[in-house]
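Step one of this worksheet: look at the structure below.
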Amino acid sequence: MKFITAIFLTAFLAFAIGLFTSLPWWSFVFTSFLVAMGVHQKAGFAFLSGFFGLFILWVILAILKDMPNEHLLSMKVARILPLGGSYWALILIAGLIGGLVSGLAATAGCTARKK
Amino acid sequence: MRIIPFLISTVATVGLVYLLNTPLPVGNTKTPRLGYFLSPQQGFWQNAEASNTSFSGEVKLKGLKGKVDVFVDERLVPHIYAQTDLDAYYVQGYIHAKFRLWQMEFQTYVAAGRLSEIAGPDKLPIDQFFRRLGMVYGAEQTMQRMEKDHEMQATVDAYAEGVNAYIKSLKPEEIPFEYKLMDYKPEAWTPLKTYLFLMYMSYDLTGSGAKQDLKMSNAKNYLGYEDFNKLFPNVQDSLDPIIPKGTVYAKPSIVPVAPLGIDSAYLNKTSNSNSAESPLTPNRNNGSNNWAVAGSKTVSGRPILCNDPHLGLNLPSLWYEIQINTPTHNTYGASFPGSPAVIIGFNDSIAWGVTNAGRDVLDYYEMKFKDTTMQEYWYNGEWKKAELRMETIKVKGKPDVNEYIAITEIGPVMYDHHYKSDSAHPKNLAVRWTANKAGTGVKTFYKLNRAKNLEDYKVAISDYTCPGQNFAFASKSGHIAIKQQGNFVARWNRQGDFIMPGIDSTYQWQGMIPESENPMIADPARGWVSSANQKSTDSTYPYYLGIGHNFPLYRGIMINRRLATMNDITPVDMQYLQNENFDVFAEMARPVLLKNIDDSKLSTVEKKYVDILREWNFRNEITAEGATIFNAVWDSLEKVVWKDDFTNAKSPMPWPDASTLLENLLKNNNYQYADNKNTPNKIETMQDDVMEAVHKASVYLAQLEKDRKLDWGRVKDTKVTHLSQVPALSRLHIPIGGGRNCVNATTTSHGPSWRMIVHMTDETEAYGVYPGGQSGNPGSKFYDNFIDSWAAGKYYKLLILSKDNAAKNEKMKWHISFTNG
């Protein structure tokens, strides 16, 4: 239950801080850090909930932009980067990037807590 | 706190964020900041425009005087209805920025020599080149002059305010895609940027001399003037000029006189060669077609005006369609994102279109400086002080570079020991160019937007300076006209074709041709006017027009041939003519080739290609193998004929034009240059040369055939390239015919950049298309949606509507309401 709560909180707070678009894109490291400090889990679980919180958030947000666009832009970007034009690969990589940063921040938050 | 795991994970977080927040080198480019770029709330996803996006809205802007309604049609063309002209230009600026901001700014970065600021040190040579040519200086000169013209200043200012109002309204995540990709941000727009953009157009259309004069000087040094004059002649036998042959010209008010001693001091003077190359050269095919037919030749009895400017094909397109309606005028056409008003278009009374005049308005003078500090130069028998201008170029990721430019009476010193001059024999070359003198900016177009009749048209273009254009005109009252207008130099024969001595005023320009003596015709008896970048007049015009190399011959011949025989013309006929793929050059050249081919000496494969060539109908259609074969044989022939004559050429120089070779082949059975100088024991004839060309071309053609690429469309392989050159943002392999000598002048990356046909009936009937789309956003379906129609030769009907009709027209999909607030 804690795990699910942590994922949900991580995603929700990252989304909320992300609405302030003049802040840097990585501002969610602070919210992920705080969530992991607040929701007591083992380091491994803290990493995973931090990871999935952002992974899920970014994948969903990307899909919500990409579907109505009929993949027009994502397919172009997936040829620039280069991912052979695969928008799914691009969405997954975006999710992985957000997830990894958040997971590491959550691990730091978890280990910052007094035992 | 578990100190060690905490430290490790914190350092890892910081490190990863740092890595993802830094552009990483991949090959010779850099990635965007990946974390930022891929972030759904800030990165490129935000530019993914939903296919059912609504562009309607209410916008409150401080600078507006009244209410402005913009109806946006299904092709995303805005129709602006404003109560004052300044409100209209304010909103035009806003709308340009809304759909084309990145492009507008990027183009001015190029013009201002600021490309390395956003693209890094690789672009430094382009920046230095533009700075030294006086691009910024020239834009400043024009702006200063136009600031004294209250109406124009207010127009350009209102436009700039509109652009800035949009930029200010942008949230960080809303900036255009390319800013995110290249990692920088929009800056404020200024009136100077409009003038910088117009400077860029001047460069694109008159700047070829920046390189050509050096190369021609090299060729003249290498060949000697006598041979040069044969190989780069000014006489073109097949010329069909813009002003019909036989027109009588008034006595010139200036008779330029060549200096004494010109043979030894200029024409036959040999000096060390010029290795300097310009890093960004205007395309030689920059040109255009325009024509207007009188009512006597049309079904309706009303004139029809057509124009298609040929320029580099880019995305976002140079052009942006717009309608501007105010109490003073109602105008539709193609505008430049970056400039107010319509550039090529029509209003309720008249239509106009432009082609490039191709006149030489850029010359080099070799200057003598006292020393390398370049503070003093020798001129008219004394040391004169040069103004030293320092321009600082910011370079992304590197220290600034200072560019020192000495400004002389003649103009800025382009090449010197600071820049690209051969260090063993430093040459100081000052450039004199009409474009970097104060011009009139967008004023001519501003007036054309409002012109009501022939007289207004004449007045509108009378003080136009640069780049020189052929302005075609048609009116609802039944008049047609064409005038070559610009600030043109009154030259003596060959003046400025090569580098000139700059130690005194002997070789200076002796005057500018008065505007009233520029070539013009109105309502000619033949019932049409036309231009396609050929020479404007025959040799009876009393001024020297410039080296023949600058003036392509064949499109003009075709247009005039067709217009001469056409009657009862409709706009659809004109659409076919703009898309005409008939190659007049090939029509004239094939008989000469075939005459010199001995079938008995051909292999089976070669015979097959020659047979296809023989059967070809001279049309450069997509599937035409004959066009591919003709071009391959001709290109090989040029190599066979010229290569030996230029074997020892060490410095860059051009080979003679195709038209020069062809005209000589038509005249002479024994062309002296047919002989291969490298085979002293044999005298080759033209027949030998053509046979060798067929052999060589066949090897290449066989390879094409093996790759299934013998079709002309595949060989030509037309593309429309994004301004950043990124292939994924470009449209490649576009199926379209044509070629450089066809009316449909589409080559690989160049061609008709806006096709327009205006029928001057009571209710204007107009058609247009350009290879792009109204949105500059690669994430929009309106980014490149016109390209397929353009390639297929299809047109859109252009809607020029009154406000009431616009409000109820079913093609108007969206409405943006602008109010003061």
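Line by line, the protein sequences give chains A and B.
Numbering-wise, the numbering used here puts 111 at position 111 of the first sequence, and it's gapless, one number per residue.
In the numbering used here, each residue carries its 1-based index in the second sequence increased by 1000.
Note that CB positions come from ideal geometry on N, CA and C, so glycine has one too.
Bear in mind that the values here come from a model prediction, so they are computed numbers and not experimental data.
Look at the region 1722-1770 of chain B and you find these whole runs of beta strand (DSSP E), each 3 residues long or longer: 1731-1734, 1750-1752, 1755-1759 and 1765-1769. The beta carbons of Lys-1803 (chain B) and Asn-1325 (chain B) sit about 6 Å from each other, so the pair counts as a contact at 8 Å. Residues of the region 1045-1062 of chain B whose Cβ lies closer than 9 Å to any Cβ of chain A, in chain order: Trp-1045, Gln-1046, Asn-1047, Ala-1048, Glu-1049, Ala-1050, Ser-1051, Asn-1052 and Thr-1053. Among the CB atoms of chain B, none fall inside 8 Å of the CB of Gly-84 (chain A).
Annotation for Pro-1340 (chain B): Tyr-1089, Gln-1092, Gly-1093, Thr-1155, Val-1156, Ala-1158, Tyr-1159, Thr-1194, Val-1442 and Tyr-1446 place their beta carbon closer than 8 Å to its own, counting only its chain and skipping 5 residues before and after. Within the region 21-50 of chain A, the residues whose Cβ lies closer than 7 Å to some Cβ of chain B are Thr-21, Ser-22, Trp-25, Trp-26, Val-29 and Ala-43, listed in chain order. Nearest neighbour of Pro-68 (chain A) by Cα position, chosen from B:Asp-1360, B:Ile-1304, B:Ala-1050 and B:Ile-1503, turns out to be B:Ala-1050. Residues are counted here when their Cβ sits less than 7 Å from a Cβ of chain A; for the region 1508-1540 of chain B the count is zero.
If you ignore the 5 residues before and after Phe-33 (chain A), its C-beta comes within less than 8 Å of the C-beta of Ala-105, Ala-106, Ala-108, Gly-109 and Ala-112, all in its own chain and listed in chain order. Distances from the alpha-carbon of Ile-1559 (chain B) to those of B:Asp-1456, B:Gln-1469, B:Ile-1350 and B:Asn-1744 put B:Asn-1744 closest.
Contact annotation, Pro-1303 (chain B) with Met-1760 (chain B): C-beta distance approximately 5 Å; criterion of less than 8 Å satisfied.
Judged by pairs of C-beta atoms under 8 Å, the region 1771-1779 of chain B does not touch the region 1051-1058 of chain B, as fewer than three such pairs exist. Chain-order list of chain A residues neighbouring Leu-1315 (chain B): empty, with the shortest C-beta distance near 11 Å, by a criterion of under 8 Å. Ranked by Cα distance from Asn-1678 (chain B), the first of B:Asn-1668, B:Tyr-1700 and B:Asp-1645 is B:Asp-1645. Legend: CB atoms of the region 1001-1024 of chain B lying less than 7 Å from CB atoms of chain A belong to residues Met-1001, Arg-1002, Pro-1005, Phe-1006, Ser-1009, Thr-1010, Ala-1012, Thr-1013, Leu-1016, Val-1017, Leu-1020 and Asn-1021. Per the Cβ contact rule, the region 1579-1599 of chain B is not in contact with the region 1311-1330 of chain B (fewer than 3 Cβ pairs under 8 Å). The secondary-structure analysis by DSSP pairs Gln-1687 (chain B) with nothing; it has no beta-bridge partner. The Cβ atoms of His-1310 (chain B) and Pro-1727 (chain B) do not sit closer than 8 Å to each other. Neighbourhood of Gln-1774 (chain B) in chain A, by CB distance below 7 Å: empty, with the nearest CB roughly 15 Å away.
Contact residues of the region 1718-1736 of chain B toward chain A are Val-1726, Pro-1727, Ala-1728 and Leu-1729 (C-beta to C-beta distance below 8 Å).
Listed in chain order, the positions of the region 48-70 of chain A with a beta carbon within less than 7 Å of a beta carbon of chain B are Trp-58, Leu-61, Ala-62, Lys-65, Asp-66, Pro-68, Asn-69 and Glu-70. Assignment of Ala-1624 (chain B) by DSSP, reduced to helix, strand and coil, places it in the coil class.
Within the region 1178-1257 of chain B, no beta strand (DSSP E) run of at least 3 residues lies entirely inside it. Note on geometry: alpha-carbon atoms of Thr-1084 (chain B) and Glu-1174 (chain B) lie some 30 Å from one another.
Taken in chain order, the whole alpha helix (DSSP H) runs of length 4 or more contained in the region 1451-1489 of chain B are 1454-1462. The beta carbons of Pro-1519 (chain B) and Ile-1242 (chain B) sit closer together than 8 Å.
When the alpha-carbon of Leu-1024 (chain B) is set against those of B:Val-1641, B:Glu-1147, B:Met-1182 and B:Val-1361, the nearest one is in B:Met-1182. For the set B:Asp-1363, B:Met-1390, B:Lys-1781 and B:Val-1720, the Cα lying nearest the Cα of Gln-1375 (chain B) is the one of B:Met-1390. Distance from the CA of Asn-1234 (chain B) to the CA of Gly-1548 (chain B), rounded to the nearest whole angstrom, comes to 4 Å. In this structure, the straight-line span from the alpha carbon of Lys-42 (chain A) to that of Phe-1006 (chain B) is close to 13 Å. Residues of the same chain with a CB within less than 7 Å of the CB of Trp-1814 (chain B), apart from the 5 flanking positions on each side, are Ser-1054, Phe-1055, Ser-1056 and Val-1072 in chain order. Close to Thr-107 (chain A), with beta-carbon spacing below 7 Å, are these residues of chain B in chain order: Ser-1009. For the 8 Å CB-CB criterion, Pro-1542 (chain B) and Tyr-1249 (chain B) form a contact. Only Lys-1171, Pro-1172 and Glu-1173 from the region 1171-1196 of chain B bring a Cβ to less than 7 Å from some Cβ of chain A.
Interface annotation, Ala-112 (chain A): in contact with chain B, CB-CB separation under 8 Å.
Closest in alpha carbon position to Glu-1810 (chain B), among B:Lys-1060, B:Arg-1075 and B:Leu-1019, is B:Arg-1075.
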